[in-house]
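These notes are about the structure you will find just below.
There are 2 protein chains.
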Amino acid sequence: MTNDTHDPTRRSWVERSNSADTDFPIQNLPLGVFRRRGSGDVPGVGVAIGDQILDLRAARKLGLLDGLSPALADAAAASTLNGLMALGQLESSHLRHLLMRILDADGRLAEPQSLVAMDHAELLVPAAIGDYTDFYSSIFHATRVGALFRPENPLAANYKYVPIAYHGRSSSIVPSGTPIKRPRGQLKGPDDAPRVGPSERLDYEVEVGFFAGAANVLGEPLTLAEAEDRIFGLCIVNDWSARDIQVWESQPLGPFLSKNFATTVSPWVVTREALAPFRCPAFTRPPGDPPPLPYLSSPANEGAGGFDVRVEVSLRSAAMQRAGLAPFGVSRASLRDMYWTFAQMAAHHTSNGCNLRPGDLVASGTISGPGHGAEGCLLEMTRGGADPIELPTGEKRTFLADGDEVIMRAYCERAGYARIGFGECRGVIS
Amino acid sequence: MTNDTHDPTRRSWVERSNSADTDFPIQNLPLGVFRRRGSGDVPGVGVAIGDQILDLRAARKLGLLDGLSPALADAAAASTLNGLMALGQLESSHLRHLLMRILDADGRLAEPQSLVAMDHAELLVPAAIGDYTDFYSSIFHATRVGALFRPENPLAANYKYVPIAYHGRSSSIVPSGTPIKRPRGQLKGPDDAPRVGPSERLDYEVEVGFFAGAANVLGEPLTLAEAEDRIFGLCIVNDWSARDIQVWESQPLGPFLSKNFATTVSPWVVTREALAPFRCPAFTRPPGDPPPLPYLSSPANEGAGGFDVRVEVSLRSAAMQRAGLAPFGVSRASLRDMYWTFAQMAAHHTSNGCNLRPGDLVASGTISGPGHGAEGCLLEMTRGGADPIELPTGEKRTFLADGDEVIMRAYCERAGYARIGFGECRGVIS
């Protein structure tokens, strides 16, 4: 058994995890929080492996975690990932190596009674999220959306200097699968006073977020290198947005009710360590763009600060569901095309002394690539509702209709490495 | 002993609470979280009474809380106020009546061993604040600040319809007395690329916030009447702001690093019940202003939705401190002059289904009145730095200098009632 946790030849005794198309091979080992469906059990930490979940509280009772430090074993038996996130990189690495030994086909730690079938589990929001921050890091998204609202000046003068962000709402973050209620709000025509009604321009935004690990004390900024180390792991984020509410409420303090009615996260946190083979250079700025300011610049970040995480959005209407049609692919893009890396976002976030706590969620902003088909939300894809997309049923969509299901998936692929999947981030509009 | 908890003739066996100038007479009974200074004790819930704190965990051990329901007694012995906030209005009222019996001069429950001198206590942030929301409810503030940045259009078209707000940062909320480190950030001249340095336009904003009690489930808006009931209690909030960082970063998503480096709260939560005698009509809209939309309108709110809480800001420079000079009064205003009431803010906040959790903090926005001397921040007071204020030492201030201490106080006064004070919200710039 090699010590390389990325070795693509490694197999597990959990059979389905050895299939080429699984999101969760033994090289992945993402962490989440679950309980047996309908059980009302206290939630516990689990690890996704193929179509199964390794229950860490059960594993601990079986003595499988005996090699870990008491703090790490306690954190693994908790009801959120916050404790594991707080322990830092070295402990995370110990856990990864132990999990690999437990699940390795050549290991001697096969304990099927510590597994729960994913089909029998309810997957929850994996951390108690203290603060949720949402960035705006795709220059393609910012430019295309900016052109709809400010054609004369699509990209604000600060964009290439400041990783733009706002604080989102923690209380309304829900796990994949939670139905999304169409929000009501103030809707404004061009002339009249606003009326109140259900949003008529309900949209998704596909994003990837990172959970902060042991981060910084209030008043002490992180360097870019420190910020990189504080990334615990990544998940998919759907930043549901009501565009009609947004356009009316956002001056002068930014979006509020247009965003805070719900944010969906995928339940599995793919660790930074699992993603090591998929690091890539930071965005290559076109000639003429200013270089990042010194606190946002380092050769390490330029060389490998990015993550090549590919995201795909698909849509299934109620009629498609009834007809048994598969979800319709709407867009594909990669996190590698973002103007700022996660390390730059975290360094900027703490540059004024603001503290990140373990379990805080920091999202990328809508992930859009340069070309058509890579627009990460409907506002952008349909050019503000001007160009509807057509579904296989012939239905047209500018924004989301009731009964529409939005399915986001993310994964990493590279020759010579096992495919690392993120699972799904789903939600049906109700 | 009367059953009226607002009876101004009621006195306590804690002598200092009977003085006319105390913030904490027996009619107030604000709740906070404290520990003995330097003790490293687990924090506990306390009640301010004169210059003393009634320690509820100690009171419970002495059997003084025996009349309460087990849930209420447990919440009173916790380390944050969240549990008490979650129990709802009826339980809060039971607690208030019991505390009054314990502390009443005519009662038989005098137990000096359950008191801790305020001088010997460290006062903490009173709740685990899940989400912190900051409104922008003074039309005087919005108009004067708007005129500095957008002279042609000081008040955005949405202002009289939408209670404007943004999400702030929970992690950097600190209790009164915590030194405030001047933030660094991107500073931008009129032409050049930005440079990075300490903010040169550091400001305070005087606000009052409410802590949410048992509130709403995700997806279920609160009516205006329900929203009123979900206000647990109030505290003073200083929304420190770095104006140079703010002006450069805020487009298009609002303020971020210009605000999230620190927010100071006063440690005592003055309950809604204690404030009942100081309710006042909602703001009288001048002729020509549109009426509030139906979900923000009710006769009850118009008649008594406001709180006449008076706020005062004073400033003491390091030189004033060395010279033994008292803080210099800078401004006075009242929460009654806000364009929106707290109930309107909470109803709007939940109108899209967004959930408020017990312990969430919702702040008013800068409290400014109509006239000069009622500007709730230096940006407004000095007209963007054009008109410095002069301190008793002859020092001038446009924005805050290192060593400056900002002291905010708030109180309610009305003939025939005991004065209800909020205590202080202090911070020194370091």
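Top to bottom, those sequences are chains C and X. With the first letter of the first sequence counted as 1, position 177 gets the number 212 in this note's numbering; the numbers rise by one all the way through. With the first letter of the second sequence counted as 1, position 421 gets the number 456 in this note's numbering; the numbers rise by one all the way through. All C-beta atoms in this analysis are idealised placements derived from N, C-alpha and C, irrespective of residue type, glycine included.
Just the C-alpha distance for residue i and residue j, rounded to the nearest angstrom, thanks.
i, j, result
"glutamate 410 (chain C)", "isoleucine 402 (chain C)", "7 Å"
"arginine 92 (chain C)", "proline 302 (chain C)", "18 Å"
"cysteine 315 (chain X)", "serine 128 (chain X)", "21 Å"
"alanine 113 (chain C)", "arginine 70 (chain C)", "12 Å"
"glutamine 87 (chain C)", "glutamate 430 (chain C)", "37 Å"
"leucine 119 (chain X)", "leucine 292 (chain X)", "32 Å"
"histidine 41 (chain X)", "arginine 230 (chain C)", "42 Å"
"serine 369 (chain C)", "valine 80 (chain C)", "29 Å"
"glycine 406 (chain X)", "isoleucine 271 (chain X)", "21 Å"
"glutamate 283 (chain X)", "serine 234 (chain X)", "First, the amino acid is wrong: residue 283 (chain X) is tryptophan here, not glutamate. Those two C-alpha atoms are separated by around 12 Å."
"valine 527 (chain X)", "alanine 335 (chain X)", "Limits of chain X in this structure are 36 at one end and 465 at the other, which puts residue 527 (chain X) out of reach."
"serine 211 (chain C)", "threonine 298 (chain C)", "9 Å"
"arginine 204 (chain C)", "alanine 140 (chain C)", "43 Å"
"serine 149 (chain C)", "isoleucine 164 (chain C)", "27 Å"
"asparagine 387 (chain C)", "alanine 250 (chain C)", "14 Å"
Would you mind sorting residue i into buried or exposed? The rule is 16 or more other CB atoms within 10 Å of its CB.
i, result
"arginine 72 (chain X)", "exposed"
"proline 326 (chain C)", "exposed"
"glutamate 425 (chain X)", "exposed"
"valine 227 (chain C)", "Going by the sequence as given, residue 227 (chain C) is aspartate instead of valine. Answer is exposed; the Cβ neighbour count stays below 16."
"glycine 98 (chain C)", "exposed"
"alanine 55 (chain C)", "exposed"
"aspartate 396 (chain C)", "Residue 396 (chain C) is actually leucine in this sequence, not aspartate. Per the 10 Å Cβ criterion, buried."
"asparagine 188 (chain X)", "exposed"
"arginine 185 (chain C)", "exposed"
"alanine 110 (chain C)", "buried"
"valine 209 (chain X)", "buried"
Using a Cβ-Cβ distance under 8 Å, would residue i count as near chain C?
i, result
"glutamine 281 (chain X)", "no"
"tyrosine 446 (chain X)", "no"
"aspartate 166 (chain X)", "yes"
"phenylalanine 291 (chain X)", "yes"
"proline 327 (chain X)", "no"
"proline 218 (chain X)", "yes"
"tyrosine 452 (chain X)", "no"
"tyrosine 201 (chain X)", "yes"
Please check if any C-beta of chain X sits within less than 8 Å of the C-beta of residue i.
i, result
"leucine 253 (chain C)", "yes"
"tyrosine 196 (chain C)", "yes"
"glutamine 286 (chain C)", "yes"
"arginine 204 (chain C)", "yes"
"glutamine 62 (chain C)", "no"
"valine 231 (chain C)", "yes"
"proline 147 (chain C)", "no"
"arginine 51 (chain C)", "no"
"phenylalanine 296 (chain C)", "yes"
"glycine 388 (chain C)", "yes"
"serine 173 (chain C)", "no"
"glutamine 124 (chain C)", "no"
"serine 399 (chain C)", "no"
Does DSSP put residue i in a helix, a strand or coil?
i, result
"valine 49 (chain C)", "coil"
"glutamate 308 (chain C)", "coil"
"proline 60 (chain C)", "coil"
"glycine 118 (chain X)", "helix"
"asparagine 273 (chain C)", "strand"
"aspartate 264 (chain X)", "helix"
"glutamate 255 (chain C)", "coil"
"lysine 216 (chain X)", "coil"
"isoleucine 88 (chain X)", "strand"
"glycine 338 (chain X)", "helix"
"glycine 394 (chain C)", "coil"
"methionine 443 (chain C)", "strand"
"glutamine 221 (chain C)", "strand"
"threonine 428 (chain C)", "coil"
"threonine 44 (chain X)", "coil"
"phenylalanine 291 (chain C)", "coil"
"proline 147 (chain C)", "helix"
Is residue i near the ligand GTP, going by C-beta to nearest heavy atom under 7 Å?
i, result
"alanine 83 (chain C)", "The model depicted lacks the ligand GTP and carries no ligand whatsoever."
Given 8 Å as the limit, is there contact between the region 194 to 201 of chain X and the region 146 to 153 of chain C, that is, 3 or more CB pairs closer than that? no
Segment contact, 8 Å Cβ cut-off, at least three pairs: the region 251 to 263 of chain C with the region 378 to 386 of chain C: yes
Would you check if the region 386 to 400 of chain X and the region 169 to 184 of chain X touch, i.e. whether three or more CB-CB distances between them fall below 8 Å? yes
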